[in-house]
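Here's the structure we're looking at; comments come further down.
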């Protein structure tokens, strides 16, 4: 069974508006980490934000916030005030400490329109 | 500046040839990883190493080999047994291996392999 599911292959958003990228995950491990990475057209992966399974509050990093709903096993990325430079592919990933590795979703391509 | 260096950036291979992709990090990270990415798709784990002289197969290890003789280096060899090797290859590292869930991956710029 796929451990990370991103159901939106592509998304469009108007510049300066907010957008939510969906991510659901599956694990039986009580301790895990959830991550979002951005991949521009250049190909390099850039870390955006991290949420630990025991964290009580949703993580925020500048314009990025993670809407963590543990009971629903979802970890959606919210980008506020979208900019043209936000156009990229976005990946949700999960790390289970006992596994010693990270699993990635299939990604969502975000296009910001001027 | 600390980071991960992958080389070459572009590589062309004839069928039947082995090729080796280089990955070097100066971040003093314990763990290193190789991922494969096909166009428009996510990352799939090939091999990973949590400490020197030890490595584990990922989800798609067939046709690939690795070594971890030094903490800084984790080269990937794409062998002739890999039937469809044309892809984008990303090397990554993280501070710790097994112990922590809060292990952010730092990535290299990638190597694009094309089989002629």
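Chains as they are written, first to last, in my numbering: chain W, 38 to 151; chain G, 1258 to 1373. Even for Gly, the Cβ is constructed at its ideal location relative to N, Cα and C.
Residue 1308 of chain G has its alpha-carbon roughly 36 Å from the corresponding atom of residue 45 of chain W. Residues of the region 138-149 of chain W with a C-beta less than 9 Å from any C-beta of chain G: 138, 139, 140, 141, 142, 143, 144 and 146, listed in chain order.
Two segments are said to touch when three or more pairs of C-beta atoms, one from each, lie closer than 8 Å; by this definition the region 109-119 of chain W touches the region 51-71 of chain W. Using a 10 angstroms sphere on the CB of residue 98 of chain W, the tally of other CB atoms stays under 16, which defines it as exposed. If you draw a straight line from the Cα of residue 84 of chain W to the Cα of residue 1364 of chain G, it comes to about 9 Å. With 16 or more other CB atoms across the displayed protein chains lying within 10 angstroms of its CB, residue 1299 of chain G is buried.
A residue is called buried when at least 16 other Cβ atoms come within 10 angstroms of its Cβ; residue 123 of chain W meets this threshold and is buried.
Counting only the Cα atoms, residue 1296 of chain G lies some 22 Å from residue 1262 of chain G. The shortest CA-to-CA distance from residue 103 of chain W to any of W/91, W/78 and W/72 is the one to W/72. Following the DSSP letters along the chain, one finds residue 101 of chain W inside the beta strand (DSSP E) bounded by residues 101-106. Residue 147 of chain W is a Cβ neighbour of residue 48 of chain W, given a cutoff of 8 Å.
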